[in-house]
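Undergrad: Numbering of the sequence shown is given in numbering that gives the first Met the number 0, commencing with residue 0 and proceeding in unit increments. Think of the CB as a built atom: it goes at the ideal place given N, C-alpha and C, for glycine as much as any other residue.
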Amino acid sequence: MRISSHRTQLRRVTATDSREQGRSHPAGYGDVVYDRVRDSYDRVAVRYADEIGAELAGKPVDRALLKCLVELVSTVEETTGSGGVADLGCGPGHVAAFLATLGVPTTGIDISSAMVEVGRKRYPDVHFRVGSLLALLATDAEHAGAIALYSIIHLQPEDRPSAYLEMSRVIRPGGWLLLAFHISLAGHEPGEIMHAEERWGEQVDLDFYYLDPAEVIEGLTSAGFVLMARTDREHWPGAEHESRRCYLLCRRSPEAASEHLGAASAHA
Ligand SMILES: C[S@@+](CC[C@H](N)C(=O)[O-])C[C@H]1O[C@@H](n2cnc3c(N)ncnc32)[C@H](O)[C@@H]1O
């Protein structure tokens, strides 16, 4: 969850603590680990939209990167036809709505049905689907581009490769991905896991993974993406949570199509 000026009480946990949460069945929607993520975001969905929904107004670098993505996606669509942009882990859909104002059809996908419900009411120009990053509700090569802003931060390490493969499956060859995550919290080391049990007065149960960009880039490359630009930045004072952040702009390799689609296409 983006934490902005309203502080969430975070405590550091170890990787072992996190894995002890257990898992009773295969990763994806309905997994016990992600049930906790979904339930947490369900509880704060309306408040999240109220507090965070206008945040892009205070985040000029994000707006610039999103405009860049739209320009690149438009070029892809000139040759491959309309496919729009998927917002993966969209929350209430405010970023998807910003993209829609730039003229690109946008589909928001989120594991939290409450987030999607809020989004459908507030942003009628955005299409929404409830679903998991690990089994995206999208057909192979459906989209000309995708964004995943601060949604992989809740994935368990062993699940990130599957999520990257799903992104690769649903973005058409030559299409674009903009992915963002936290590198480190002020005063902490990269790679730590923080746990939150309360947000805006609501009980939550969320692990936040602060990620090493090199590992994320390696994972995306293995899934068939080519890194085209990397932007690291500090938090924007007054606008967001005090973390160092990374934005990766990647192109879906045209060559990666056949070798990666087989395993994942069953989800479509
Ligand atoms: C920190 S919020 C970010 C929301 C939005 N992208 C933004 O930038 O404000 C993380 C979002 O990812 C969603 N999410 C977390 N894990 C997910 C998963 N495994 N599958 C789909 N959505 C997930 C959460 O429900 C939540 O809405």
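To the nearest angstrom, report how far apart residue 50 and residue 163 are at their CA atoms.
TA: Each residue's Cα considered, the two are about 29 Å apart.
Undergrad: One question on the structure: do residue 37 and residue 151 come within less than 8 Å of each other, judged by their Cβ atoms?
TA: Cβ atoms of residue 37 and residue 151: not closer than 8 Å.
Undergrad: Can you round the beta-carbon distance between residue 190 and residue 211 to whole angstroms, since I take them to be within the 8 Å contact cut?
TA: That belief holds up - the Cβ atoms of residue 190 and residue 211 are roughly 6 Å apart, short of 8 Å.
Undergrad: Can you name the start and end residues of the beta strand (DSSP E) that residue 182 belongs to?
TA: From DSSP, the beta strand (DSSP E) with residue 182 extends over 170 to 184.
Undergrad: Hey, out of 72, 56, 98 and 39, whose CA is closest to residue 174's CA?
TA: If we check each option's Cα against that of residue 174, 72 comes out closest.
Undergrad: Between the alpha carbons of residue 30 and residue 176, how many angstroms are there, rounded?
TA: Near 26 Å, if we compare the C-alpha coordinates of residue 176 and residue 30.
Undergrad: Rounding to the nearest angstrom, what Cα-Cα distance links residue 145 and residue 87 in this structure?
TA: Cα to Cα, residue 145 sits roughly 7 Å from residue 87.
Undergrad: Secondary structure at residue 249, three-state DSSP: helix, strand or coil?
TA: Three-state DSSP puts residue 249 in a strand.
Undergrad: Which runs of the alpha helix (DSSP H) fall wholly inside the stretch 15 to 91 and span at least 4 residues, in chain order?
TA: DSSP runs (the alpha helix (DSSP H)) wholly in the stretch 15 to 91: 31 to 51 and 59 to 79.
Undergrad: Taking just the CA atoms, how far does residue 200 sit from residue 220?
TA: Roughly 40 Å separates the two Cα atoms.
Undergrad: Alpha carbon to alpha carbon, how far is residue 249 from residue 76?
TA: If you take the alpha carbons of residue 249 and residue 76, they lie about 16 Å apart.
Undergrad: Could you tell me if residue 225 is buried or exposed, where buried requires 16 or more neighbouring beta carbons within 10 angstroms of its beta carbon?
TA: Exposed, since its Cβ has fewer than 16 Cβ neighbours within 10 Å.
Undergrad: Roughly how many angstroms lie between the CA atoms of residue 228 and residue 240, to the nearest whole one?
TA: Roughly 23 Å between the two C-alpha positions.
Undergrad: Tell me whether the beta-carbon of residue 132 lies closer than 8 Å to the beta-carbon of residue 154.
TA: It is a contact, given that the beta carbons lie within the stated cut-off.
Undergrad: Look at the alpha carbon of residue 20 and the alpha carbon of residue 62, and state the distance between them as a whole number of angstroms.
TA: With a pLDDT of 46 at residue 20, under the threshold of 50, the predicted position of this residue should be treated as unreliable, though the coordinate-derived value follows. Straight-line Cα distance between these residues: approximately 36 Å.
Undergrad: Helix, strand or coil for residue 158, going by three-state DSSP, please let me know.
TA: Helix, per DSSP.
Undergrad: So is residue 165 buried or exposed if we call it buried at 16+ other beta carbons inside 10 Å?
TA: It counts as buried.
Undergrad: Just reading off the beta strand (DSSP E) that residue 194 is part of, what are its end residues?
TA: Per DSSP, residue 194 belongs to the beta strand (DSSP E) from 192 to 198.
Undergrad: Return the bridge partner residues of residue 226 from the DSSP annotation.
TA: DSSP lists 249 as partners of residue 226.
Undergrad: Using the Cα positions of residue 223 and residue 170, report the straight-line distance between them to the nearest angstrom.
TA: The straight-line gap from Cα to Cα measures roughly 10 Å.
Undergrad: Do residue 64 and residue 246 have their C-beta atoms closer together than 8 Å?
TA: Yes. Within cutoff.
Undergrad: Should residue 91 go down as buried or exposed, given a rule of 16 or more other Cβ atoms within 10 Å for buried?
TA: Its Cβ being crowded by 16 or more others within 10 Å, residue 91 is buried.
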